[in-house]
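Colleague: One structure, as C-alpha cells, below. Some questions next.
Protein chains in written order, with our numbering: chain R, -13 to 110; chain X, 854 to 1449.
Here it is in C-alpha cells:
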C-alpha cells in the first residue's frame, strides 16, 4: 500500500531493473561463449557473476548475452566486450574474479584489462 | 528481487492462446526446470504482439529473438540450444527478423517498421498480470502527476490541447467531452470504459485490456479526477474471458498498492472500478444502450439529449470513453499534449490501432500514426493480398463503415478523410478484400449482421434494415431488378435520417458505399444474372472442361448424381440437377472443373 508519489517512484526504479533486459538498444554488450566447450570450462558461473555485478552496480546500459562456440575452445571461458566506437575486446580464461575486475576496470572505468586479453596471451 | 539472465515472453493474447500458447508456456517452464535453469530464466505471459498471423509468438530477451509459429515440440530445442548454450535457433526465427545472419531489432522488422506503438506500447513487452512491470514503465506516474501537481481543470485542458479524439468510432474530442461533465453538480458522477467491442474483425480493445489493463484503469482514475467522479465501470463483453480475468487481477493489484481506492497518494481523491459483463449485443456499444445494460435493463438506446455527460448512469453525469482512447491518456499527461501532437495530423493527432483481417498476409494488430496512407498499411505492413491476388477494397468501420477502393489507396487514414470517402474510422477494423470477393455479398454480410443486432426499438432500423436485406438476398439469388437498386438507395437514406441511434444511422453505409464504388457489380447481378467474383452460389454454374480425363472422381463425390460420363471420356454436369455445392471442383485432380 503506497501513500505517496515517492513510494511509487521507488517501486518503479526497483522494478525497472528486471525490465531493462527487454531493451535491445543498449550500448555496451558483453558476450559470453556458452557452447559445450565454454560451459565445461566454467562459463556458467562467469555469466552469473557478470549478471550480478551489472545489477548490483546499476549498469543499465550493459547487455549480457550468450553466444555459441567462438571457435577457440582452448581459451574458454571467453567473453567479448563490445563498446560503441571501440574495437571488440576478447578476454580469455575468465573466471568470476576476473569477471569482476573486467566490470570494474573496463566496463565502468573504460580501461581494458590487458593482461586478460587474447592479445597478451598470444604474444607470450 | 530475483535477477534473471533471460526472459522468455510467451504471447498470452486471445489469438495465440487459441493456438495453444498456454501449453507452450507450460512446456518452457517444465523444460527450464528440468535443466535447472529456473533460477536464471523467467517465463512470462504477455499481451498481443500484433503479428497474429505468425502466432503463437515467443520472444526471448536479452537477444530479442522472435520465434514465430511456435509449437510445443520446438520448445526442447530452443531451451537446450538457445537458453542453455546461447545458440539462437535460426530455423525457428521469424524470417523477416533476420538480416543475413544477424537478428534485427523488432522495430526494424518490416511489420513493425512503420508502426508507432503508443496505445500498444506495453503489449508484448510487459507481464499484464504483474503491476510492477507496468509501474516499471512509468505506470501510475500520470495519475500521481495529475492528483498532486494538476487541478482537474488543468487535466481537462491538457487532454483538450492534445486533440485526442474518441477511438471507438465517433471521433469526438475527448477533452471537450470531459469538459461537459465537469461543471455538472451531482452527488455522484461516473466514468465508464466502453469495452463492448462488437465490430466483426476488430480486436484492439481486447488486446489492450489483455496486454496492458493497468493503462486503462489509470486513465479511468485520471478521468474521474478530471470530472469529479469517484466510481468507474468497465463494460466488457463476456466473450473476452482473458481480458476480463486480467482486468480483475489488475484491479485487485491496484487496490492492494493503494493506486485505486480511498485517498490515492494522500490527495484525498477516491476512485474505485468495477467490471460489468455484457452479453455481446452490438447495440450496447452505443452509450445510452450501454448505460441501460449496466443498470440491469434491456440494452436499448434512447433519444439524446439528455447526453450522458448530463444525465447518464442512474441519471448521474457520466463520461463514457473507449478502451483505446483511454489507453492514450496516461502518456498524454506524462509526456504532454505536444508530444502526442507529434504523431498524426493536425485534426487527427496521435496514432490509431487497426485490426487487419480478411485477404491480407500479415493478419494482426497494427498501430500507425494518423495520416498514414492506406497503401502503406495494406502493402508495407500488411504484406499485400495472399497468393498474389489483386487488392480490391478494404472495409473500414465494420458494419457502420464503408469500403475504400484501390483508386483511393493513397488516402491518408484519419477521421475526416475516411468520412469524405463515405466510410468511417469506426473502431478500427480493416477487412481487406481481393478480386475473389463479391461486393454485393460483402454488403449483404454486414447488413445481415446489423439486422441481427438491431435492438428493435425504432422502426426504421428494425424494419428498414430487414427490407434492405431481403432485397440484397434477392439480388444475390439472381432475382433482383434495376428497380431494386433504386429502392435500396431510397431505403438507405431514410434509415440513415430517421433511426434513433448510431446503429441504424450507419447500418446502410456498407450498401451505399458498395453501390457507389461497385455499381457495375450490382448491375451484373441484376441484369446479367452473373456474379463477376464467382461468389454468389445461385448465379454460378459448374462446368467440366476439356482437361477432364474421365477419372470419375467427381461422379463419386457428387451428392445429387448430377454428373455423367464414361471412364476416360469427358464428363458433363446436368445443370438442372446440380446444387452447386462445389464438391466436384475440390475433388478433381486435374483442375478440369471451373465455376463461371
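We treat Cβ as the ideally placed atom computed from N, Cα and C, and that holds for glycine. Bear in mind the structure is a predicted one, so any value in this text is a computation, not a measurement.
1. Output yes or no for whether 9 Å exceeds the beta carbon distance between residue 885 of chain X and residue 916 of chain X.
2. Could you check whether residue 1338 of chain X and residue 1375 of chain X sit closer than 9 Å to each other, using their CB atoms as the reference points?
3. Between which two residues does the beta strand (DSSP E) carrying residue 1175 of chain X extend?
4. Which residues, taken in chain order from the segment 979 to 990 of chain X, show a beta carbon closer than 8 Å to some beta carbon of chain R?
5. Just checking my contact of residue -3 of chain R with residue 1104 of chain X at CB under 8 Å: how many whole Å lie between their CB atoms?
6. Consider the Cβ of residue 41 of chain R: report whether some Cβ of chain X lies at a distance smaller than 9 Å.
7. Could you tell me the distance, in whole angstroms, from the CA atom of residue 1116 of chain X to the CA atom of residue 1181 of chain X?
8. Rounded to the nearest angstrom, what separates residue 29 of chain R and residue 867 of chain X at their Cα positions?
9. Of all the options R/58, R/82, R/86 and R/83, which has the alpha carbon lying nearest to the alpha carbon of residue 76 of chain R?
10. Check for me: the beta strand (DSSP E) holding residue 1127 of chain X runs from which residue to which?
11. In whole angstroms, what is the alpha-carbon distance linking residue 1265 of chain X and residue 1224 of chain X?
12. Would you mind reading off the limits of the alpha helix (DSSP H) that contains residue 1143 of chain X?
13. Could you spell out the range, first to last residue, of the beta strand (DSSP E) harbouring residue 1220 of chain X?
14. Run through chain X and tell me which residues come within less than 9 Å of residue 81 of chain R, C-beta to C-beta.
15. Tell me which residues of the segment 1116 to 1146 of chain X have at least one Cβ-Cβ distance to chain R shorter than 7 Å, keeping chain order.
16. Verify the CB distance criterion: does residue 19 of chain R have a CB-CB separation below 9 Å to chain X?
17. According to DSSP, is residue 1363 of chain X helix, strand or coil?
18. Can you tell which of X/1243, X/1234, X/1278 and X/1236 has the C-alpha that lies nearest to the C-alpha of residue 1255 of chain X?
19. Any beta carbon of chain R sitting closer than 9 Å to that of residue 946 of chain X?
20. Chain R partners of residue 997 of chain X, CB-CB under 7 Å?
21. Going along chain R in order, which residues have a C-beta closer than 7 Å to the C-beta of residue 916 of chain X?
22. Ends of the alpha helix (DSSP H) at residue 1061 of chain X?
23. Taking the beta strand (DSSP E) that residue 860 of chain X falls in, what are its first and last residues?
24. Rounded to whole angstroms, what is the Cα-Cα separation between residue 1406 of chain X and residue 1431 of chain X?
25. Take residue 948 of chain X as the anchor and find which of X/939, X/940, X/936 and X/962 has the nearest alpha-carbon.
26. If I follow the unbroken alpha helix (DSSP H) through residue 1272 of chain X, where does it start and stop?
27. Indicate the three-state DSSP secondary structure (helix, strand or coil) for residue 942 of chain X in the structure shown.
28. Quick check: what's the CA-CA separation for residue 1046 of chain X versus residue 1273 of chain X?
29. Can you look up residue 1286 of chain X in the DSSP assignment and give me helix, strand or coil?
30. Please go through the same chain and pick out, in chain order, the residues whose beta-carbon is closer than 6 Å to the beta-carbon of residue 1317 of chain X, but skip the five residues on each side of it.
31. For residue 1126 of chain X and residue 1070 of chain X, which I take to be in contact (beta-carbon distance under 8 Å), what is that distance rounded to the nearest angstrom?
32. Note down the Cα distance separating residue 980 of chain X from residue 1322 of chain X, rounded to an integer number of angstroms.
33. Taking the alpha carbon of residue 894 of chain X as the point to measure from, which residue in X/913, X/901, X/1325 and X/1284 has its own alpha carbon closest?
34. Can you give me the start and stop residues for the beta strand (DSSP E) that residue 1045 of chain X sits inside?
35. CA-CA distance, residue 1032 of chain X and residue 1232 of chain X?
36. Applying a beta-carbon distance threshold of less than 7 Å, which residues of chain R neighbour residue 860 of chain X?
Modeller: This is what the structure gives:
1. Contact: no.
2. yes
3. 1171 to 1175
4. The residues in question are 979, 985, 986, 988, 989 and 990.
5. Rounded, the Cβ-Cβ distance is 18 Å, inconsistent with contact.
6. Yes, residue 41 of chain R lies at the interface with chain X (some Cβ there is under 9 Å from its Cβ).
7. 24 Å
8. 39 Å
9. R/58
10. 1125 to 1131
11. 4 Å
12. Residue range 1140 to 1147 is occupied by the alpha helix (DSSP H) that includes residue 1143 of chain X.
13. If you look at residue 1220 of chain X, you'll find it in the beta strand (DSSP E) that goes 1217 to 1222.
14. For a Cβ distance threshold of 9 Å, nothing in chain X lies close to residue 81 of chain R: the least Cβ distance comes to about 18 Å.
15. Here the close residues are 1118 and 1119.
16. yes
17. Here residue 1363 of chain X sits in helix by DSSP.
18. X/1278
19. No, no contact with chain R.
20. Result: -9 and -6.
21. 51
22. That run of the alpha helix (DSSP H) goes 1057 to 1064.
23. Start and end: 859 to 864.
24. 16 Å
25. X/962
26. 1268 to 1273
27. coil
28. 29 Å
29. strand
30. 1344 and 1348
31. The C-beta distance from residue 1126 of chain X to residue 1070 of chain X rounds to 6 Å, short enough to meet the 8 Å contact threshold.
32. The alpha-carbon atoms of residue 980 of chain X and residue 1322 of chain X are separated by roughly 45 Å.
33. X/913
34. Where residue 1045 of chain X is concerned, the enclosing beta strand (DSSP E) stretches over 1043 to 1048.
35. Going from the Cα of residue 1032 of chain X to the Cα of residue 1232 of chain X covers about 40 Å.
36. 7 and 8
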